[in-house]
Amino acid sequence: MAIEMGRPGADGLGDVVRVLGEWQDDGGPLQLHPGDVGWFWRFGVKRTAEATRTWSRAGEVLAVGLLDGAELLRLAFAPEASRDEELAQQVAEDVSAPERGVLPEGKVYVEAPMGALVQDLLFKDGWESGEPWTPLRRDLGAPVPDPGVHVEAIGPQQAHEWAEVLRASFDGSTFTDERWHAMAAGAPYADARCLVVRDEQGQAVAAVTVWSAGEGKLGLIEPMGVHRAHRGHGYGRAITVAAARALQELGSSSVVVCTPSSNVGAVATYRSAGFEQLPERRDLCRDAS
């Protein structure tokens, strides 16, 4: 049977999230996570559906892609299909041809799991290595210590505080209360939590969202930020530890986070919270300009 590329539509996003969760495995490569889709959901269900692609054979989804912006496609593969030649060839053809409606002309990027055959095919076709990213992971089989600060789970009534901290954590961020509510309405958020750390005056100073993929599966931190006016007090480490504890309570077997290698401060923060630094990974880049 031939490989078919499709768009799930808003009604099919729940099935995509479920499949992505089933593919998360501590022993497998890092790849697109249900939480990545959940974080994108802040733009609304319509845009999330428009940004999602699936590749299937005989009705079985074997690969999922998320257009995280117009120029970046993030991929995940079923564990048994990462070296499937027919699948890899079809995905490579679809992402390389602008007329297929996946990636546009010009400079574009593909994030594929390490070891996936599609990487080999794209390199052979002239794609090159892009920016280095550093993944970090913490096993959740052992108890996670108390973070030593006041941590609060955020609901709809406190969404404005979480959004305010996030805006103050990232230069150029336009995150709004409305986007929080859109994200929280998405299918992946059923297995997610938003947390804040409060200082001694009760002010929210750090924020994080954690995404579970189900019992015994890999969990994800995306995003994590510390208010720029409250840095240097250990709040980044504290909320990262709190995030690990929350995912442990949700049944995750481990937790992973990925940050640009150039962000040495973030790498140091995650390591201080007990995360192990894993080998760098790179996007694939094609500049057809």
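With the UniProt record's numbering applied, the sequence shown corresponds to residues 1 to 289, in that order.
Ideal Cβ positions, reconstructed from N, Cα and C, are used throughout, including at glycine.
Just so it is clear, the structure is predicted and the values come from calculations on it, not from any experiment.
Cα-Cα, which of the options is closest to residue i?
i: S129; options: D146, G141, V108 and D139; result: V108
i: A204; options: D146, R83, H160 and E80; result: H160
i: R42; options: D287, G186 and P132; result: G186
i: L195; options: A97, P156 and D171; result: P156
i: I239; options: V208, M183, G202 and V144; result: V208
i: M114; options: G274, H230 and R83; result: R83
i: T48; options: L166, S56 and V64; result: V64
i: V151; options: R53, E276, V197 and Q248; result: V197
i: S252; options: G202, D139, R282 and T259; result: D139
i: H181; options: L136, G44 and A2; result: G44
i: L218; options: L117, L136 and R74; result: L136
i: A266; options: R282, P79, S254 and I221; result: I221
i: F40; options: D26, S56 and L73; result: L73
i: H230; options: L166, R18 and G27; result: L166
i: T269; options: V226, E86 and A88; result: V226
i: A81; options: E111, A112 and A116; result: A116
i: A153; options: G216, E215, A242 and S96; result: A242
i: P79; options: D26, G14, Q90 and K124; result: D26
Bridge partners for residue i per DSSP, in chain order?
i: Y109; result: L72 and C285
i: F170; result: DSSP, once it has assigned bridges, lists no residue as partnering F170.
i: R57; result: I3 and E60
i: Q203; result: DSSP output for Q203 lists no bridge partner at all.
i: L150; result: Checking the displayed sequence, the identity of residue 150 turns out to be His instead of Leu. Note: H150 sits in a beta bridge opposite R198.
i: S254; result: D139 and L218
i: W211; result: A192 and L220
i: V165; result: None; V165 has no bridge partner.
i: G65; result: R53 and L75
i: W133; result: P260 and R281
i: E128; result: C285
i: G225; result: A207
Assign residue i to buried or exposed, taking buried as 16 or more other Cβ atoms, counted over all protein chains shown, within 10 Å of its Cβ.
i: E200; result: exposed
i: S173; result: exposed
i: V264; result: exposed
i: P147; result: buried
i: G21; result: buried
i: residue 294; result: Past the boundaries of the shown model lies residue 294; the chain is included only from 1 to 289, so the question cannot be answered.
i: G59; result: exposed
i: G126; result: exposed
i: residue 291; result: The shown model of the chain, from 1 to 289, leaves out residue 291, and the question about it has no answer.
Excluding sequence positions up to five away, which residues of its chain have a Cβ less than 6 Å from the Cβ of residue i?
i: L250; result: S212
i: L122; result: A92 and L284
i: D191; result: S212
i: D94; result: M5, R100 and V102
i: G236; result: V226 and T269
Quick one: residues in its chain with C-beta nearer than 8 Å to the C-beta of residue i, no 5 flanking neighbours on either side, listed in chain order?
i: T176; result: A163
i: V16; result: P8, V37, T52, T54, V61 and V64
Taking 7 Å as the limit between beta carbons, can you name the residues of its chain near residue i, skipping five residues before and five after?
i: G38; result: M183, G186, P188, Y189, A192 and W211
i: E280; result: P132, W133, T134 and S261
i: A246; result: R193, L195 and V210
i: Q248; result: L140 and V144
i: A288; result: E105 and G106
State yes or no: is the C-beta of residue i nearer than 7 Å to some heavy atom of the ligand HEM?
i: Q158; result: By its list of ligands, the structure shown contains no ligand whatsoever, and the ligand HEM lies outside what it can speak to.
**Prompt:** Counting pairs of Cβ atoms below 8 Å between the region 18-36 and the region 52-70, do you hit three or more?
**Reply:** Result yes; three or more Cβ-Cβ pairs closer than 8 Å.
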